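Accompanying notes for the structure given below.
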Amino acid sequence: MFMMLGSADKAGSGGDKILKGWDAIGWIRPYISEKSQPNKVELFMPLESLMDKRILKELQKRFGNRLKSLKNHEQMVLALALTENKVNHERLRYALPLHPSDISHILQKLTKLGLLVSDGHGRGTTYRLSGGQDDETLQANSETLQETLQAKGKTLQGLEETVIPKRMTRDEIIKKILAFCSEWRTAEDIAVFLHRSKRYITNEILPDMDNHLVLLYPQVRRHPDQKYRSKTVNEKPEAENRPL
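Those letters in the sequence shown? Residues 1040 to 1283, by the numbering used here.
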């Protein structure tokens, strides 16, 4: 109908141009996600580089010199697993200009090297980053954070009862968040840890902590997979890194 009115191009004519444009800039390729609860199809168009210096720094921190021995596409798989929490074969087919068999080989290699951890079987297999050079406790915490909210609540329940008081000043809440976010945390993780609502943390607390926290997706503050980490001494405040 829109084509007949002269208000639309031929269906799909701009898809290749979009992909070429994203590839030319070096951004993460756009991709489609299909969900069943509720039924919807989402188009994600990330505005950040897959091999951003910040991402490479985080991978270097996790895996040390082992990262240098990997080929470019192997590093890209790890970078994608870091930014999206987990990946699968189908997702990588959209993200990388490789044959499916080459992608399978890379996933098998990274899993054998202990850089990726697989979950599931066959087409449903997903992959996430291993704990790298972290100790077993940190690795266990990282795995727990990728489970459901119920699992997170059970894991942190004892910590909440013994450390987190029911009443805290705003400054006390901020100090607790900075200590808790020594590694990447979601707003949901922070809310569970502090025994506060996610809406309160997202709308009332986090916006005032731009100078203290680093965002995993600085260009898209409301990214569904947004995470936060305490800023180190040498890192610039988030506001300075934000594009104009």
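For every residue, glycine included, the Cβ atom is placed at its ideal position computed from N, Cα and C.
Note that the structure is a prediction, hence the values are computed from the model and not measured.
As assigned by DSSP and simplified to three states, the class of residue 1268: strand
Host beta strand (DSSP E) of residue 1158 (start-end): 1155-1158
Cβ distance (whole Å) where residue 1123 is taken to contact residue 1228 below 8 Å: Between residue 1228 and residue 1123 the Cβ distance is about 17 Å, and since that is not below 8 Å, they are no contact.
Spatial distance of residue 1081 from residue 1074 (CA atoms): 8 Å
Local conformation of residue 1223 per DSSP, three classes: coil
Coarse secondary structure for residue 1235, derived from DSSP in three states: coil
Nearest residue (CA-CA) to residue 1100, options 1239, 1247, 1223, 1257: 1223
Three-way DSSP call (helix, strand, coil) for residue 1140 in this model: helix
Status (buried if at least 16 other CB within 10 Å, exposed otherwise) for residue 1225: buried
Residue 1167, enclosing beta strand (DSSP E) - first and last residue: 1165-1168
Three-state secondary structure (DSSP) of residue 1127: strand
Closest Cα partner of residue 1253 within the set 1072, 1066, 1094: 1094
Among 1150, 1151, 1112, 1167, nearest to residue 1090 - alpha-carbon criterion: 1112
Exposed unless 16 or more other CB atoms sit within 10 angstroms - verdict on residue 1188: Caution is warranted here: a pLDDT of 45 is assigned to residue 1188, below 50, making its placement in the model unreliable, and the coordinate value is therefore given only provisionally. So residue 1188 counts as exposed.
Residues of its chain near residue 1266, where Cβ-Cβ distance is below 7 Å and the 5 sequence neighbours each way are ignored: 1223, 1224, 1225, 1255
For residue 1066, the residue or residues it bridges with in DSSP: 1088
Burial state of residue 1108, where buried means 16 or more other Cβ atoms lie within 10 Å: exposed
Inter-residue Cα distance where the pair is residue 1159 and residue 1116: 18 Å
Nearest-angstrom Cβ-Cβ length linking residue 1069 and residue 1086, presumed shorter than 8 Å: So it is not a contact: roughly 10 Å between Cβ atoms.
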